[in-house]
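Q: Below are the structure tokens for one structure; questions will follow.
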Amino acid sequence: MTNPVRSAPVFSQTITDFWREQFLNGDVLYSDESFTVAINPALDEDSRVMVLETSDGRVMAVLTPELADQIGLSPKQSLSESILRQKLNEAGVTLHGADYLFYFSKTDKNVLLQENLEGDLRRLTVQDETVFSEFASSASEQDLDDAYVELDHWAVFGSFEQNRLVSATSMYPWEEDAQIADLGVLTLTSFRGKGHARKVVRSICKYAYGQGYEPQYRCQLDNHTSTALAKAVGFTLFGKWEVISPDCME
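Converting from the sequence shown to the working numbering requires adding 55 to each position, the first position being numbered 1.
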């Protein structure tokens, strides 16, 4: 069988091993050069079907045995991504909107670790509650929800302009058993376009590496601002990830 996650030799073993385990830690039902389907009874209810398309165009899917039975998958049938999606659709199983997954390549990680970041940047703690509250009150509810930046997360960094917090980013471990930290970032509207988000994200990512974690940045496919930021920060696209919709019918 080909190795579907061989797609990303530029990424760390932590990242490729994590996604390989997510999608290939079960019985492979079907595999060809560009498409692999696996059955895994250990999947959580909220991830009982997932699809990952890596940046080289290869696609992996994983389902619980129950869901595979529900949509009519059998070991001997020929499969493709379009056939799988059709079967899911016919069974009333919908996937949540896809997320881009971004990580640092090994090369860009080394550049980051050797970089001396300029600007008024620092880690935020509970002592910064007043500063952070003022920052949050200056942002819209939609921006706060989208960014998911919280002062009580595992790590929080801020960028200041004239002693005012204008951009903040926070991280939390994405999975209990994986050394991957998922991040969000928010810059106040009137301070965007000045490089604050790029600098503060690079700062927190450098910190994450020091703690033994791989930074992860996710955004929806139609969020062009976030996609542009990911590239400005120095992230490389790993792939597109979909999971079953939370309001999907049984």
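Backbone N, C-alpha and C fix where the C-beta goes; we use that ideal spot for every residue, glycine too.
Bear in mind the structure is a predicted one, so any value in this text is a computation, not a measurement.
My guess is that Thr149 and Met115 are in contact by the Cβ rule of under 8 Å, so how many angstroms apart are they, rounded?
A: Contact doesn't hold; Cβ gap of about 19 Å is too wide.
Q: Taking only three categories from DSSP, how would you classify Leu150?
A: Three-state result, Leu150: strand.
Q: Which class does Gly81 belong to by DSSP, given the choice of helix, strand or coil?
A: coil
Q: Following the continuous beta strand (DSSP E) through Tyr272, name the residue where it begins and the one where it ends.
A: Glu269 to Gln275
Q: Would Val240 and Ala202 qualify as a contact pair, given that the criterion is a beta-carbon distance under 8 Å?
A: yes
Q: Note the first and the last residue of the continuous alpha helix (DSSP H) segment covering Glu145.
A: Glu145 -> alpha helix (DSSP H) spans Glu136 to Glu145.
Q: Measuring CB to CB, does Glu269 end up less than 8 Å from Ser67?
A: yes
Q: Let me check understanding here. Comparing Cα to Cα, which of Leu84, Phe159, Lys286 and Lys161 lies closest to Lys131?
A: Leu84
Q: From this set, Tyr155, Gly174, Asp163 and Trp209, which residue's C-alpha is nearest Val181's C-alpha?
A: Trp209
Q: I think Asn80 touches Thr119, with their Cβ atoms under 8 Å apart; what is that distance to the nearest whole Å?
A: That pair is no contact at about 13 Å.
Q: Could you tell me which residues DSSP pairs with Phe157 in its beta bridges?
A: Tyr272 and Leu292
Q: Give me whichever residues DSSP pairs with Ile126 in a beta bridge.
A: According to DSSP, which records beta bridges pairwise, Ile126 is partnered with nothing at all.
Q: Count the other C-beta atoms from every protein chain shown that fall within 10 angstroms of the C-beta of Ser188, then say buried if there are 16 or more, exposed otherwise.
A: So Ser188 ends up on the exposed side.
Q: I'd like to know whether the C-beta atoms of Asp183 and Glu216 end up nearer to each other than 8 Å.
A: Cβ distance not < 8 Å, so Asp183 and Glu216 don't count as in contact.
Q: If distances are taken between C-alpha atoms only, which option among Thr71, Glu76, Gln77 and Asp101 comes closest to Asp302?
A: Asp101
Q: Among Leu107, Val221 and Tyr227, which residue has its Cα nearest to the Cα of Ser193?
A: Val221
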